[in-house]
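>
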Amino acid sequence: MFSSPASAVGESSGYDFQKEENAAKWKGVFVNSLRKVLEQVHPSLEARQDALDYVESLILRMLGMLCGHPPPQTPQDVEERVRRTFPTPIDRWALRDARDALEKGKT
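In our numbering, the protein residues as written are 33 to 139.
1. Would you be able to state if there are at least three C-beta pairs under 8 Å between the stretch 112-128 and the stretch 63-78?
2. Could you compute how far the alpha carbon of alanine 38 sits from the alpha carbon of proline 103?
3. Does the beta-carbon distance from tryptophan 58 to leucine 98 come in below 8 Å?
4. Check this for me: beta carbons of glycine 46 and histidine 101, under 8 Å apart or not?
5. Let me know the secondary structure DSSP gives leucine 77 once reduced to three states.
6. For the alpha helix (DSSP H) containing glutamine 105, list its first residue and its last residue.
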């Protein structure tokens, strides 16, 4: 489904989100946001904690792929990695949402 960049998360010499000391720092960072999105999109559904933890681990893997070795130097580098990693139309949605979030942050 997703194409893989030249290096995998664990193989890069960059930041490794799955390394024990790094994983502890990131544990739970996205879980509350995932829970809020679930409540907004499907108010009658609930997710178990282990399911949310698993989705969070996938997010961190994707973040590792996007920021892996060599690390991106410009926003255009990140955009190119998003285009190479995600299938269309997901790549377009992700880039549009990122741009919208940046614009909101400027106001």
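Glycine included, every Cβ here is placed at the ideal spot set by N, Cα and C.
Reading from the atomic positions:
1. Proximity of the stretch 63-78 to the stretch 112-128 falls short of the contact definition, fewer than three beta-carbon pairs being nearer than 8 Å.
2. By 1-based counting over the sequence shown, the position of residue 38 is 6. By 1-based counting over the sequence shown, the position of residue 103 is 71. At alanine 38, the pLDDT of 43 sits below 50, so the modelled position is not reliable; the number obtained from the coordinates is stated separately. About 12 Å.
3. For this step, residue 58 is matched to residue 26 along the sequence shown. For this step, residue 98 is matched to residue 66 along the sequence shown. In this structure, tryptophan 58 lies away from leucine 98, with their beta-carbon atoms at least 8 Å apart.
4. Start at 1 with the first residue of the sequence shown, and residue 46 comes out as number 14. Start at 1 with the first residue of the sequence shown, and residue 101 comes out as number 69. Cβ distance < 8 Å, so glycine 46 and histidine 101 count as in contact.
5. As a working note, residue 77 is residue 45 in the sequence shown. Residue state, collapsed to three classes: coil.
6. Here the question's residue 105 lines up with position 73 in the sequence shown. Run containing glutamine 105: none; DSSP gives neither H nor E here.
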